[in-house]
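Colleague: Taken in sequence, the protein lines are chains A and B. Taken in order, the first sequence gives residues 1 to 347; the numbers are from full-length UniProt numbering. Taken in order, the second sequence gives residues 1 to 347; the numbers are from full-length UniProt numbering. Don't be surprised by glycine CBs; every beta carbon is placed ideally from N, CA and C. Only a predicted model underlies this, so the values are computations on that prediction, with no experimental measurement involved. My questions will all concern the structure given below.
Protein chains: 2
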Amino acid sequence: MAKADIHAVAKAAGVSISTVSRTFTRPELVSAKTRAKVLEVADRLDFNISRSATALKSGQTYRVALLMNEEITSWFNTQTFAGIESVMHPAGYDISLFQHIDTPETRHKFFTDLPIRRNVDAVFVASFAIDPHEAEQLQRIHVPIVGINTPPSDGLDATVCIDDEKGMATATQYLINLGHRRIVYTCSEAAAMGASIDARTQGFINACRDAESKHDIDWKVLPVARGPEFADSALAALLTLDEFPDAICCQMDMMAIPLVLKLGRYGHITPRDYSIVGFDDSPYADTINLTTMRQNPYDMGRRAALKALKLINGDALDTPHETVEAQLVPRGTAAPFDQEVPFTPAA
Amino acid sequence: MAKADIHAVAKAAGVSISTVSRTFTRPELVSAKTRAKVLEVADRLDFNISRSATALKSGQTYRVALLMNEEITSWFNTQTFAGIESVMHPAGYDISLFQHIDTPETRHKFFTDLPIRRNVDAVFVASFAIDPHEAEQLQRIHVPIVGINTPPSDGLDATVCIDDEKGMATATQYLINLGHRRIVYTCSEAAAMGASIDARTQGFINACRDAESKHDIDWKVLPVARGPEFADSALAALLTLDEFPDAICCQMDMMAIPLVLKLGRYGHITPRDYSIVGFDDSPYADTINLTTMRQNPYDMGRRAALKALKLINGDALDTPHETVEAQLVPRGTAAPFDQEVPFTPAA
DNA sequence: TTGAAAGCGTTACCAC
DNA sequence: GTGGTAACGCTTTCAA
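As structure tokens, this is what we get:
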């Protein structure tokens, strides 16, 4: 049985192709009887409207691009993807994924060489900076660009961002309020392209500087090389400090969780010996009872997608740029700290 | 600047649309000089070949469907997706994702109602059984179906499956060889649709039965309700047994990891007090030093995608059905067990 | 309520 | 090496 096209269905149902088309796209314009007949025939012939033809005719592609740094397999990227998908799929759009757009070269390649221009209805950019000139290329051909956790940057039609800087400042403030004074911030070295996550470092620094007017804070930023071993690198860096800190601020849970688990093997037990807070509230954070800053990339993906849909539809946005805040989730790895009373020899 | 189509480019470059088309699809047929001219104009006009038109003309859709049970956010599904993507994206295909195809209803909806028939070039089915009749619907219109970790079932053009049953039997055998005799298998209740993962239970049972001829094995299957709380349910079930087991076999790492972490809080320390093995080698398994069975869904996705590409291309497969085996990864949570010597009062 | 026909932007065959 | 032209399968005005 060869594939049936709209003509075959029309013929078999004794109607014109116009009627077949309407039966699927605007059924209310077709009489109930005709509609039933057409549907019955279509079902029998395994017929369905061709999306390619519809797309060509309509000028839309029913496809959006999602650009991300690194792999989709990271927690943040997966959640973001799933959030976008949850809105775009029901709306009839597929997501064309472009991973590892994390160097100026790959990014440039995307914006110029790849057959994207005119071939997606919108572009999502997750977690990295974009060049205003590149944004302009898309705008010239009326392709909306929406950013998710993008650094402040020109040329995006809409953005949904978490306030990384403020979030990390909150986490740091929390540790200071608990009485911690010797605090280390562990993080991966900053990415080449201004990933939004690097703003967290500044949040930590700000909070420490602010507190210095009131307390004697001993703080330190401990960057380690990016890569699969970053948690072990941080572990090593911590264990080779002159003095082990009484609190650790982690750039992300994926750093904090291994640290909690492995520091225990070296005799550093949280919250008994030190406090630690993460950032993300990603898988297993609750299992190990990690105090952390929660963000919800799934929801950010949803919001971004809703904006994209409006933009595709030509509607204006009431709030093109949204900022959401990370929430402190107090759990068991951060506890009040009794400041050591320096030993005073008998007077 | 209005969107330029192929005619605009042809005109501006002083050539015919045929030449413009060839410049992009078969550049070797166009003289270097003409080609350069066309490309220059195309770039200036932001022109690119329309995928929709190409798709319509070619009869292909450059789109494949991926059906999965549950959410893409699970480790297995994300890895599978990423593996398929790593092959299909460079080949010019987008993935249209259908999640939660895990009840007969949603599955039926997919195969009949949704505008899929004739709108994808191939279908991937991950981790659940499919009805031969439904498979036949696709085959009738020449859409290849490729299964990943699908239970043995008719009608799939190709499959890449892990041997779940054998894998879990291996894990169980390992525990028995270590000297464990009181073994519990923790798992989620079987899915309605015959998820491939349920075969693992049988592997456990087989290994125990086999060993009974040689040893006095006290084994038990402990199913708990599916859902987000399944790990805690398993924990509760374990803690309320008459006697705590000396070994635990887990259906998956996502069950094993919380168990290792939380059982410790109740005084059951591995490997001191009991052994435990997981299945998957998913994130943090290495961090907590979990002995587990490794599978590689990313690679299975890749293999499945390679097969799909061949099938789309009309080529026959040398090995349509592949089975891979899970590898035992011995780490720190399973250790030799000294069988308790029953206490004998002084004679 | 239905049908006829134009056209969406390509590709590929056939001339030249 | 290049150009003209007929499809590909649909949507949508316009008429009936």
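1. Which of helix, strand or coil does DSSP assign to A:Lys166?
2. In its own chain, which residues sit with a C-beta less than 7 Å from the C-beta of A:His321, not counting the 5 before and 5 after it?
3. B:Tyr266 CB to nearest chain A CB: under 8 Å?
4. Where B:Tyr93 and B:Ala305 are concerned, what is the direct C-alpha to C-alpha distance, given to the nearest angstrom?
5. Tell me the start and end of each unbroken alpha helix (DSSP H) in the segment 73-140 of chain A that is at least 4 residues and wholly inside, in chain order.
6. Taking the CB atoms as reference points, tell me whether B:Ser153 and B:Ala169 lie closer together than 8 Å.
7. Could you tell me which chain B residues have their CB closer than 8 Å to the CB of A:Pro258, listed as they occur along the chain?
8. Thinking A:Pro144 and A:Leu311 are a contact (beta carbons under 8 Å), I'd like their distance in whole angstroms, please.
9. Which stretch, first to last residue, makes up the alpha helix (DSSP H) that contains B:Tyr298?
10. Check for me: the alpha helix (DSSP H) holding B:His7 runs from which residue to which?
11. Taking 8 Å as the threshold (C-beta atoms), are A:Phe76 and A:Ala308 in contact?
12. In chain B, what lies closer than 8 Å to A:Gln79 by C-beta?
13. Please identify, using Cβ separations under 8 Å, the residues of the segment 127-144 of chain B that lie next to chain A, in order along the chain.
14. If you drop the 5 nearest sequence neighbours on each side, which residues of the same chain put their C-beta closer than 7 Å to that of A:Ala347?
15. Is it true that the segment 317-337 of chain B meets the segment 267-285 of chain B, where meeting means three or more beta-carbon pairs spaced less than 8 Å apart?
16. Check for me: the beta strand (DSSP E) holding A:Leu222 runs from which residue to which?
17. Under three-state DSSP, which class holds A:Phe279?
18. Over what stretch of residues does the alpha helix (DSSP H) that includes A:Gln251 continue unbroken?
19. Using C-beta distances below 6 Å, list every residue in its chain close to A:Lys262, excluding the 5 sequence neighbours before and after it, in chain order.
20. Taking only three categories from DSSP, how would you classify A:Ser153?
21. What is the rounded straight-line gap between the Cα of A:Gly203 and the Cα of A:Asp163?
22. Please confirm whether A:Leu97 has its beta-carbon closer than 8 Å to some beta-carbon of chain B.
23. Using a 10 Å radius around the Cβ and a threshold of 16 neighbouring Cβ atoms, would you call B:Gln251 buried or exposed?
24. Identify whether B:Met71 lies in helix, strand or coil by the three-state DSSP scheme.
25. Quick one: is A:Arg272 buried, meaning 16 or more other Cβ sit within 10 Å of its Cβ, or exposed?
26. Tell me whether B:Thr319 sits in a helix, a strand or coil according to DSSP, three-state version.
27. For chain B, find out if any of its Cβ atoms is closer than 8 Å to the Cβ of A:Ala82; answer yes or no.
28. How should A:Ala285 be labelled, buried or exposed, when 16 other C-beta atoms within 10 angstroms of its C-beta is the threshold for buried?
29. Between which residues of its own chain and B:Trp219 is the CB-CB distance below 6 Å, once the five residues before and five after are set aside?
30. Between B:Met254 and B:Glu229, what straight-line distance do the alpha-carbon atoms span, to the nearest angstrom?
31. Does DSSP put B:Ala190 in a helix, a strand or coil?
32. With distances taken Cα to Cα, identify the nearest neighbour of A:Glu105 among A:Phe337, A:Glu134, A:Val260, A:Ala53.
33. For a quick check, are the C-beta atoms of B:Glu165 and B:Arg200 less than 8 Å apart?
34. Is the separation between the beta-carbon of B:Ser326 and that of B:Arg303 shorter than 8 Å?
35. Taking Cβ-Cβ distances below 7 Å as the criterion, which residues of the segment 164-198 of chain A are in contact with chain B?
36. Work out the CA separation of B:Ala82 and A:Thr73 for me, nearest whole Å.
Modeller: Per the coordinate set shown:
1. On the first sequence, position 166 is the one that residue 166 of chain A refers to. In the structure shown, A:Lys166 sits in a helix (DSSP, three-state: H, G or I).
2. Numbered from its first residue, the first sequence carries residue 321 of chain A at position 321. Taken in chain order, the residues that qualify are Ala158, Thr159.
3. As a working mapping, residue 266 of chain B is identified with position 266 in the second sequence. It does not: the Cβ of B:Tyr266 has no partner Cβ on chain A nearer than 8 Å.
4. Counting from 1 along the second sequence, the entry for residue 93 of chain B is found at position 93. Counting from 1 along the second sequence, the entry for residue 305 of chain B is found at position 305. Their backbone Cα atoms lie some 11 Å apart in a straight line.
5. Counting only runs of 4 or more, we get 75-88, 104-112, 132-140.
6. Working through the second sequence from its first residue, we reach residue 153 of chain B at position 153. Working through the second sequence from its first residue, we reach residue 169 of chain B at position 169. No.
7. For the purposes of this step, residue 258 of chain A is identified with residue 258 of the first sequence, where counting begins at 1. Under the 8 Å cutoff, chain B gives Tyr284, Thr287.
8. If you number the first sequence from 1, residue 144 of chain A lands on position 144. If you number the first sequence from 1, residue 311 of chain A lands on position 311. A:Pro144 to A:Leu311, Cβ: 4 Å. Contact.
9. Locating residue 298 of chain B in the second sequence gives position 298, where the first residue counts as 1. Segment 297-312, the alpha helix (DSSP H) holding B:Tyr298.
10. As a position in the second sequence, residue 7 of chain B is number 7, starting the count at 1. First-last of the alpha helix (DSSP H) with B:His7: 6-13.
11. Numbered from 1 along the first sequence, position 308 holds the residue referred to as residue 308 of chain A. Numbered from 1 along the first sequence, position 76 holds the residue referred to as residue 76 of chain A. Going by C-beta atoms, A:Ala308 is not nearer than 8 Å to A:Phe76.
12. Position 79 of the first sequence, counted from the start, is the residue given in the question as residue 79 of chain A. The answer, in chain order, is Thr73.
13. Gln137, Arg140, Ile141, His142
14. Here the question's residue 347 of chain A lines up with position 347 in the first sequence. Only weak support is given to the placement of A:Ala347: the predicted model assigns it a pLDDT of 40, under 50, and the value that follows is read from those uncertain coordinates. Cβ neighbours of A:Ala347 beyond the five flanking positions: none.
15. yes
16. The sequence position of residue 222 of chain A within the first sequence is 222, counting from 1. That run of the beta strand (DSSP E) goes 218-224.
17. Numbered from 1 along the first sequence, position 279 holds the residue referred to as residue 279 of chain A. It is a strand residue.
18. In the first sequence, counting from the first residue as 1, residue 251 of chain A sits at position 251. It is not in any alpha helix (DSSP H) - A:Gln251 carries neither H nor E in the DSSP assignment.
19. As a first step, residue 262 of chain A must be located in the first sequence, where it is residue number 262. Excluding positions up to five away in sequence, the list reads Leu235.
20. Taking the first sequence and counting its residues from 1, the one referred to as residue 153 of chain A is at position 153. Note: A:Ser153 maps to coil in three-state DSSP.
21. Here residue 203 of chain A refers to the residue found at position 203 of the first sequence. Here residue 163 of chain A refers to the residue found at position 163 of the first sequence. A:Gly203 and A:Asp163 have their alpha carbons spaced roughly 10 Å apart.
22. By one-based count along the first sequence, residue 97 of chain A stands at place 97. Taking Cβ atoms only, chain B reaches closer than 8 Å to A:Leu97, which makes this a yes.
23. One-based indexing of the second sequence puts residue 251 of chain B at position 251. In the assembly as shown, B:Gln251 is a buried residue. Its beta-carbon has 16 or more other beta-carbons within 10 Å.
24. By one-based count along the second sequence, residue 71 of chain B stands at place 71. Here residue 71 of chain B is Glu; the residue named in the question, Met, does not match the sequence. Coil.
25. Position 272 of the first sequence, counted from the first residue, corresponds to residue 272 of chain A. When all chains shown are included, A:Arg272 counts as exposed.
26. The residue given as residue 319 of chain B occupies position 319 in the second sequence. Correct three-state label for B:Thr319: coil.
27. By one-based count along the first sequence, residue 82 of chain A stands at place 82. Yes, A:Ala82 lies at the interface with chain B (some Cβ there is under 8 Å from its Cβ).
28. Position 285 of the first sequence, counted from the start, is the residue given in the question as residue 285 of chain A. By the neighbour-count criterion, in which a residue is buried when 16 or more other Cβ atoms sit within 10 angstroms of its Cβ, A:Ala285 is buried.
29. Translated into positions along the second sequence, residue 219 of chain B becomes position 219. Result list for B:Trp219: Ile183, Cys208, in chain order.
30. Here residue 254 of chain B is taken as the residue at index 254 of the second sequence, counted from 1. Here residue 229 of chain B is taken as the residue at index 229 of the second sequence, counted from 1. When rounded, the separation of the alpha-carbon atoms in B:Met254 and B:Glu229 is 11 Å.
31. On the second sequence, residue 190 of chain B is found 190 positions in, with the first residue counted as 1. If DSSP states are grouped into helix, strand and coil, B:Ala190 belongs with coil.
32. Here residue 105 of chain A corresponds to residue number 105 of the first sequence, with the count starting at 1. Taking only the C-alpha atoms, the option nearest A:Glu105 is A:Glu134.
33. Here residue 165 of chain B refers to the residue found at position 165 of the second sequence. Here residue 200 of chain B refers to the residue found at position 200 of the second sequence. Taking 8 Å as the Cβ cut-off, B:Glu165 and B:Arg200 qualify as a contacting pair.
34. Within the second sequence, the letter at position 326 stands for residue 326 of chain B. Within the second sequence, the letter at position 303 stands for residue 303 of chain B. Correcting the residue type first, residue 326 of chain B is Ala in the shown sequence and not Ser. In this structure, B:Arg303 does not lie closer than 8 Å to B:Ala326 by Cβ.
35. none
36. In the first sequence, the residue the question calls residue 73 of chain A occupies position 73. In the second sequence, the residue the question calls residue 82 of chain B occupies position 82. Taking the straight line joining both Cα atoms gives about 7 Å.
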